[in-house]
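Here the structure is laid out as structure tokens; the discussion comes afterwards.
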Amino acid sequence: MSDVRVCEVLVIGGGPGGLTAAVYLRRFRRDVMVADKGNSRLSLIPVSHNYPGFPGGVPGRELLGRLREQLECYGGAVDDIEITALKKVDDVFVASHEGGEIHTPVVVLATGVADAGLPVEGWPDAVAAGAVRLCPVCDGYDILDKRVAVASQPHNRTGHALFMRTFSCDVTLFERDPETPLSAEEAEKLRVAGVRYVDAPLKGVTLTEAMEPVLHTEDGADHRFDVFYPMLGEKARSGLAQALGARCGECEKLIVDDHGRTTVPGLYAVGDVVLGLNQISVATGQAAIAATAIHNALPWRFRHRH
18 MSDVRVCEVL VIGGGPGGLT AAVYLRRFRR DVMVADKGNS RLSLIPVSHN
68 YPGFPGGVPG RELLGRLREQ LECYGGAVDD IEITALKKVD DVFVASHEGG
118 EIHTPVVVLA TGVADAGLPV EGWPDAVAAG AVRLCPVCDG YDILDKRVAV
168 ASQPHNRTGH ALFMRTFSCD VTLFERDPET PLSAEEAEKL RVAGVRYVDA
218 PLKGVTLTEA MEPVLHTEDG ADHRFDVFYP MLGEKARSGL AQALGARCGE
268 CEKLIVDDHG RTTVPGLYAV GDVVLGLNQI SVATGQAAIA ATAIHNALPW
318 RFRHRH
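Position in the sequence shown (from 1) plus 17 gives the number in this note's numbering.
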């Protein structure tokens with residue numbers, strides 16, 4: 018017989034958004050479960066220098082550990098389980114996992130996004146060393162004046178290249194879709210900004226012993242850089258919400274209101290899975306707002322004298 022557990026709020030995802038929501042809810046004395054399968058993008062970040070309160074930066078895994086420790090201070094914990102299905106029966110969500118089910122009136126989805134990529138030799142080591150980077154908003158300042166390679170989707174390749182040009186004089190944009198050549202307007206913007214453009218399609222990336230990315234193009238050329246930004250798009254991990262009919266926008270990201278509510282009653286979403294800017298500070302802010310709204314919407318739990 019499968020195990021059935023009941024709680025007031027189920028948080029799915031143990032990244033900064035999910036853990037912050039759980040901390041707030043525990044401090045509101047709510048019965049909370051956090052289900053996490055261990056895929057937080059934060060764990061990939063070697064050091065984050067733009068998260069408030071850490072002037073020397075903070076490693077992603079350390080920040081996750083601190084948030085888990087903070088949750089434990091208030092009697093909370095993270096269950097290392099993967100929620101494989103989510104359905105709603107009347108006003109109760111039924112979340113399935115390998116060991117059973119969790120029944121709850123409220124779910125907070127904090128499942129993040131999956132990055133689209135291309136073959137990079139030793140991908141985890143490249144990210145850990147800072148040779149491959151995922152977020153120029155987070156760490157553009159940290160690569161000032163380095164040799165920067167950018168690969169992007171056609172719809173915003175020029176914008177990404179110009180964004181990186183604000184941090185370095187040495188920026189090269191690589192072609193990923195030869196069937197969508199640069200327009201004359203795009204080419205002129207790159208020329209004025211001093212961004213080089215390689216029109217031979219990019220086919221792969223390897224690393225030197227010094228952890229320098231080498232980009233290989235189909236014309237047989239090899240291009241060496243200090244940093245590579247593969248800004249090739251992302252896809253929100255919103256499948257559980259979509260199965261319930263939640264409304265999504267670009268990249269399958271969930272659309273929420275000012276309190277983090279999706280279009281499915283009782284289902285909230287915070288962090289990168291939500292339409293908007295992918296930032297740790299944004300995720301924690303959204304979590305604080307959603308958790309407070311949830312607390313105010315649930316039946317009161319009056320304090321008894323001890």
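Beta carbons are placed, not taken as given, at the ideal position from N, Cα and C, and that holds for glycine.
From a predicted model like this one, the values you see are computed outputs, not experimental measurements.
In this structure, does DSSP put residue i in helix, strand or coil?
i, result
"TYR68", "coil"
"LEU315", "coil"
"MET18", "For MET18, the predicted model reports a pLDDT of 47, less than 50, meaning its position is unreliable; a value from the coordinates is still stated below. Coil."
"VAL287", "coil"
"THR189", "strand"
"ILE29", "strand"
Exposed or buried, which one is residue i when buried takes at least 16 other CB atoms within 10 Å?
i, result
"PRO198", "exposed"
"ALA102", "exposed"
"LEU294", "exposed"
"VAL51", "buried"
"MET18", "Because MET18 sits at a pLDDT of 47, beneath the cut-off of 50, its placement in the model cannot be relied upon, and the following sentence gives the value as read from the coordinates. Classification for MET18: exposed."
"SER255", "buried"
"PRO247", "buried"
"SER200", "exposed"
"ASP275", "exposed"
"TYR41", "buried"
"GLU205", "exposed"
"HIS172", "exposed"
"TYR68", "buried"
"VAL183", "The residue asked about is misnamed: residue 183 is Thr in this sequence, not Val. That one is exposed."
"THR279", "buried"
"PRO72", "exposed"
"ALA133", "exposed"
"PHE319", "exposed"
"TYR158", "exposed"
Beta strand (DSSP E) containing residue i: first to last residue?
i, result
"THR234", "230 to 234"
"LYS252", "251 to 253"
"ALA204", "From DSSP, ALA204 is part of no beta strand (DSSP E) but of the alpha helix (DSSP H) over 201 to 210."
"ARG213", "213 to 215"
"THR223", "219 to 224"
"ALA52", "49 to 52"
Is there a Cβ of chain D sitting closer than 8 Å to that of residue i, yes or no?
i, result
"LYS54", "Considering every chain present, this structure includes no chain D. It has just one protein chain."
For the alpha helix (DSSP H) containing residue i, name the first residue and the last one.
i, result
"LEU294", "Looking at the DSSP string, LEU294 is not in any alpha helix (DSSP H), and its letter there is neither H nor E."
Write down the C-beta distance between residue i and residue j rounded to the nearest angstrom, noting that I regard them as a contact closer than 8 Å.
i, j, result
"ILE297", "LEU36", "Wrong, their Cβ atoms sit about 11 Å apart, outside the cutoff."
"LEU292", "LEU271", "7 Å"
"HIS240", "ALA146", "The pair is not a contact, with the Cβ atoms about 18 Å apart (cut-off 8 Å)."
"ALA168", "LEU249", "6 Å"
"PRO33", "LEU84", "6 Å"
"VAL23", "HIS120", "5 Å"
*Ignoring anything shorter than 3 residues or poking outside the segment 88 to 173, list the beta strand (DSSP E) runs there in chain order.*
102 to 106, 109 to 114, 117 to 121, 123 to 126, 130 to 132 and 165 to 169
_Entirely enclosed beta strand (DSSP E) segments - the segment 234 to 284, minimum 3 residues_ = Counting only runs of 3+ residues, the beta strand (DSSP E) found wholly inside the segment 234 to 284 occupies 239 to 241, 244 to 248 and 251 to 253, in chain order.
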